[in-house]
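Trainee:
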Amino acid sequence: MNINFDLPLDIEQRLRSVEADADFSRDAKEAYLVDLYRQHAITHHQLGKALGLDRFDTDVLLKLHGVELELSLEEFNAEVASLREAMP
13 MNINFDLPLD IEQRLRSVEA DADFSRDAKE AYLVDLYRQH AITHHQLGKA LGLDRFDTDV
73 LLKLHGVELE LSLEEFNAEV ASLREAMP
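Counting in the numbering used here, the sequence shown tops out at residue 100, every number present.
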C-alpha cells in the first residue's frame, strides 16, 4: 500500500534545510507504523516485518519512540518458543 500526502512548501523547505539527507518517506512510514502498534492495530512482529527489522531492533525502535513493549500472549509464547529453539 502506498500512502502519499503533501506538506506546505515552507515546511518542506524547513525540513530539507535542517536534514538535507533525511529519508522522509521512511520516517513517515516508521511513525505511522509505530502509531498503529500503539493503537494495537498491528503486532510487534508485523511492525518489525514491515520495517525490515528483527525483534531486537524493533524493541529498540519502540523504546526510541517511547512505546512500552506490550506483547500479546500469542507473541510472548512465540518469543519463548524461539528462545527455546536457540538454546543448545
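Every residue, glycine too, gets a C-beta built ideally from N, C-alpha and C. Quick caveat, the model's predicted, so the values are computed rather than measured.
Of all the options D18, H56, A90 and K61, which has the alpha carbon lying nearest to the alpha carbon of E80?
Mentor: E80 has its Cα closest to that of H56, out of D18, H56, A90 and K61.
Trainee: Does the separation of the CB atoms of L73 and L83 fall below 8 Å?
Mentor: Going by C-beta atoms, L73 is not nearer than 8 Å to L83.
Trainee: Quick check on DSSP: helix, strand or coil for Q58?
Mentor: Q58 falls in the helix class under three-state DSSP.
Trainee: I'd like to check one pair, L85 with T70: are the Cβ atoms closer than 8 Å?
Mentor: In this structure, L85 does not lie closer than 8 Å to T70 by Cβ.
Trainee: Please identify the residue among K61, E91, M99 and A93 whose C-alpha is closest to the C-alpha of L45.
Mentor: Here the closest residue by C-alpha is K61.
Trainee: Could you tell me the alpha carbon to alpha carbon distance between D47 and A53, rounded to whole angstroms?
Mentor: Going by the C-alpha atoms only, they are around 9 Å apart.
Trainee: Determine the closest residue to R67 out of R96, E87 and N14, with distance taken between C-alpha atoms.
Mentor: Residue E87 is the option with its Cα nearest to R67.
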